[in-house]
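In this note's numbering, the protein residues as written are 17 to 113.
All residues carry an ideal CB built from backbone N, CA and C; glycine is no exception.
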């Protein structure tokens, strides 16, 4: 299994409960696909920040960083889940050395 870093931005319309449920849903999707969220960093909320440019007419977003391990072949399904989640404005999935 390889290490990956996932950064995603959640819509500012979500309240704290909605953000927590969306983060739990993403972590659950990673584990369902056979991945493992890292214990050391796991999921680190960066909080609400101003965006460099508007995304879907929003000026702010709630940033979340997650480190996890997974098989490379399973990432397409994870990206599909991220694209279909209505509360996620953008995401970036990168390989960690």
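- Query: Where does residue 112 fall in DSSP's three states?
  - Reply: coil
- Query: Shortest alpha-carbon distance to residue 71 belongs to which of 18, 80, 107 and 32?
  - Reply: 107
- Item | Close Cβ partners of residue 75 (< 7 Å) along its chain, the five nearest in sequence each way excluded | 66 and 67
- Item | Neighbour-count burial assignment, residue 48, 16 or more Cβ in a 10 Å radius | exposed
- Could you spell out the range, first to last residue, of the beta strand (DSSP E) harbouring residue 86? 74-86
- Rounded to the nearest angstrom, how far is the Cβ of residue 78 from that of residue 23, given a contact under 8 Å? No, residue 78 and residue 23 are not in contact; Cβ-Cβ is about 12 Å, not under 8 Å.
- Could you tell me which residues DSSP pairs with residue 28 in its beta bridges? DSSP lists no partner for residue 28.
- Message: According to DSSP, simplified to helix, strand and coil, what is residue 34?
- Response: helix
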